[in-house]
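Residue numbers (the working numbering): 977 to 1640. Glycine included, each C-beta is placed from N, C-alpha and C at the ideal position. All values reported here derive from a predicted model rather than from experimental measurement. Presented below is the structure to which this report refers.
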Ligand code: C2E
Ligand code: CA
Ligand code: CA
């Protein structure tokens, strides 16, 4: 919806600039054309009617010679007429018909076809005269109008100047006729019908007024057209500039997101049914924020600009790219199959990672391969973004292809992030305790605090569904503090109630090790409840031991100095390192459940466990075996002198009141 509104706004902006001038031009041409058409039609019509009147009068004059003459005088009259014909420019032939249309005399071979005659009438000086007009058969340029046809008042004839024009009057003019017609006027004259063939010519000189007006208007029109054309060109040029600004990104000087979505959508739509396949890629430059923190925002933007242009060189002309925001770029790449695309992206990465001379840049990519007919670039990019986001910041893998499962995971992450703060305030996070049973006498020797989320709508949520999200977004710091405080309070309560207390371990995420005052921070929470530090054990996950070792070592030392037992969790789950055992001054080693899962006592895993237990004992560490589910495993661990056992064999994690009840 949002995108459509944006597209509409841009279209409107373009229209608002071009349309007025374009419409203005069309309107002007239209008005001029109508005006000219009316003027020309009226002038030509009036000239034509005048001419017709004149030629009618000439014809009538000829006809009048035959009124009241007898048959015997006909010959003589005809001779007179012949000589008149030589003088007249209007009359070219005369033919005398009897009343029943028989030819009695003709000055030439031409004769009117009286059957095709149209009847006209004319009122002059109060007298109405009727006559017929016949179009001369060889005439191709006839302009005969019915009197009423063009809405011209028949009275117009009366007002016209009826002077007969003679040849000489025109002799000094250019006699180019632009309209001409040959009409027979058939006029009743006594016993005869006199047919007079008149030439009606409209000369260019007679239309001087029209031609002048026409010329002036055409000249004005041309000037206006040129003016509009020029302003139109300026508007289009302006438009081009505006478009460029709209589509240009201010940071890199390259294409921006709008350009990317507009042109990528076009490309995807155009190739909807073709064999060409396109992938939408979200590219993130890793550690860009750290770069800006070290070198400043300006250098950061310069880096983005250089990177953009380096990337541009790797993109083919039929592909698209744009800078999006922060350190994110969008790409639309052509591909054949996933392997080829992965190879292409790896190549791009190898090339652009060298943009800075002294620093190697790192990137990660999320890829979305559109289904056939999928053209919504924003959705596709968002999917690519989700795929990349699920990789995490530090992931070894750097290219992820989107699938629907990721979408669900992404939505879940959003929900968790939306709800977590409220959940903490509303105490939706509950502390569960899982007992650790001592191998000597199989009695309670400790417990581990494990969080559960009792969500108002989702119900019971196990920690693996939200802890990784909290680790990514940093909320784990708050949650661990909360758990620590709950345990401190509980221990304090139990101590004051006179119950026998055992050490309860709390998980401390590796995210905490970024703070140098971690030991003081933990003390400040625990000391609120005046609990002896030795009943609160801190479990650090094994992977934390691979981060900055020195910081970790210092913190572990400080925590131990404050009297907190420290344990290394999940030993053997990831990159087990016996070396790290030697270096770290820890109190407890928790052997990961992986060692025991689905194996029997003769398995190699057991041999390793017994070696690890041996080594830990030499280093004065207590051993806790996790995830123990069977009696065989318990017996083996007892035989190896493991100190504590935690696992479903004894008990699953349980709410605190259940724990209180079970271990009084
Ligand atoms: P972890 O610290 O290794 O916790 C032990 C996990 O193993 C717990 O899973 C526990 O329920 C499970 N477990 C114990 N005995 C058995 C067994 O016999 N069989 C099997 N299959 N599993 C057993 P849980 O409670 O789901 O916790 C999972 C992980 O979530 C924990 O692993 C820990 O890394 C994390 N976590 C839980 N609570 C917290 C917390 O408050 N803070 C932090 N930072 N992480 C926590
Ligand atoms: Ca743990
Ligand atoms: Ca563990």
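Item: For residue 1233 versus residue 1298, is the C-beta spacing smaller than 8 Å?; Value: yes
Item: Within the chosen definition, does the segment 1374-1382 reach the segment 1390-1399 through at least 3 CB pairs nearer than 8 Å?; Value: no
Item: In chain order, what are the residue ranges of uninterrupted beta strand (DSSP E) at least 3 long that sit wholly in the segment 1034-1102?; Value: 1067-1074, 1079-1082 and 1094-1100
Item: For residue 1339, I'd like the list of residues in its chain whose CB is within less than 8 Å of its CB, leaving aside the five on either flank, ordered along the chain.; Value: 1259, 1260, 1261, 1262, 1325, 1328, 1329 and 1374
Item: Whose CA, out of 1077, 1564 and 1037, lies closest to the CA of residue 1061?; Value: 1037
Item: Taking DSSP's pairing of strands, which residues face residue 1454 in a bridge?; Value: Beta-bridge pairing links residue 1454 to no other residue.
Item: Please state whether DSSP places residue 1637 in a helix, a strand or coil.; Value: helix
Item: Buried or exposed: which applies to residue 1117, given that a residue is buried once 16 or more other Cβ atoms fall within 10 Å of its Cβ?; Value: With a pLDDT of only 49 at residue 1117, under 50, the local geometry of the prediction cannot be trusted, and the value read off the model is given with reservation. The residue is exposed, with fewer than 16 neighbouring Cβ atoms inside 10 Å.
Item: Please list the terminal residues of the continuous beta strand (DSSP E) segment that includes residue 1258.; Value: 1253-1261
Item: Give the single residue among 1094, 1590, 1478 and 1532 whose Cα lies nearest to the Cα of residue 1498.; Value: 1532
Item: Starting from residue 1265, follow the alpha helix (DSSP H) in both directions and report where the run begins and ends.; Value: 1264-1271
Item: By how many angstroms is the C-alpha of residue 1598 removed from the C-alpha of residue 1403?; Value: 34 Å
Item: Using the three-state DSSP reduction, which class does residue 1590 fall into: helix, strand or coil?; Value: helix
Item: Pull the bridge partners of residue 1422 from the DSSP assignment, please.; Value: 1412
Item: What did DSSP end up calling residue 961 once you bin it into helix, strand or coil?; Value: Because the chain in this structure spans residues 977 to 1640, residue 961 falls outside the shown range and cannot be described.
Item: Roughly how many whole angstroms lie between the Cα atoms of residue 1098 and residue 1163?; Value: 12 Å
Item: Rounded to a whole number of angstroms, what is the C-alpha to C-alpha distance between residue 1067 and residue 1095?; Value: 20 Å
Item: Look up residue 1515 in the DSSP assignment and say whether it is helix, strand or coil.; Value: strand
Item: Which stretch, first to last residue, makes up the alpha helix (DSSP H) that contains residue 1361?; Value: 1353-1367
Item: Kindly confirm or deny that the segment 1422-1437 and the segment 1481-1497 touch, where touching means at least three C-beta pairs closer than 8 Å.; Value: yes
Item: Check whether the Cβ atoms of residue 1541 and residue 1568 lie closer than 8 Å to each other.; Value: no
Item: Starting from the N-terminal end, write out each residue whose C-beta falls within a distance shorter than 6 Å of any non-hydrogen atom of ligand 2.; Value: 1424, 1483, 1515 and 1545
Item: Between residue 1452 and ligand 1, is there a pair consisting of the residue's CB and a ligand heavy atom that are separated by less than 7 Å?; Value: yes
Item: Is residue 1214 near ligand 1 - that is, is its Cβ less than 7 Å away from at least one heavy atom of it?; Value: no
Item: Does the count of Cβ pairs from the segment 1224-1244 and the segment 1314-1323 closer than 8 Å reach three?; Value: no
Item: When the distance is taken between beta carbons, is residue 1430 closer than 8 Å to residue 1460?; Value: no
Item: Should residue 1449 be labelled buried (16 or more other beta-carbon atoms within 10 Å of its own) or exposed?; Value: exposed
Item: Note down the Cα distance separating residue 1406 from residue 1508, rounded to an integer number of angstroms.; Value: 23 Å
Item: Among all the DSSP beta bridges, which residues are the ones paired with residue 1105?; Value: 1098
Item: Report, in whole angstroms, the separation of the C-beta atoms of residue 1310 and residue 1252, which I expect to be a contact under 8 Å.; Value: 6 Å
Item: By DSSP, does residue 1227 sit in helix, in strand, or in coil?; Value: coil
Item: Can we count residue 1278 as close to ligand 3, meaning its CB is less than 7 Å from some heavy atom?; Value: no
Item: Does at least one heavy atom of ligand 3 sit under 7 Å from the Cβ of residue 1602?; Value: yes
Item: Starting from residue 1326, follow the alpha helix (DSSP H) in both directions and report where the run begins and ends.; Value: 1314-1328
Item: Per the DSSP calculation, residue 1429 is bridged to which residue(s)?; Value: 1405 and 1437
Item: Have a look at residue 1107 and residue 1208 and give me their C-alpha separation to the nearest angstrom.; Value: 58 Å
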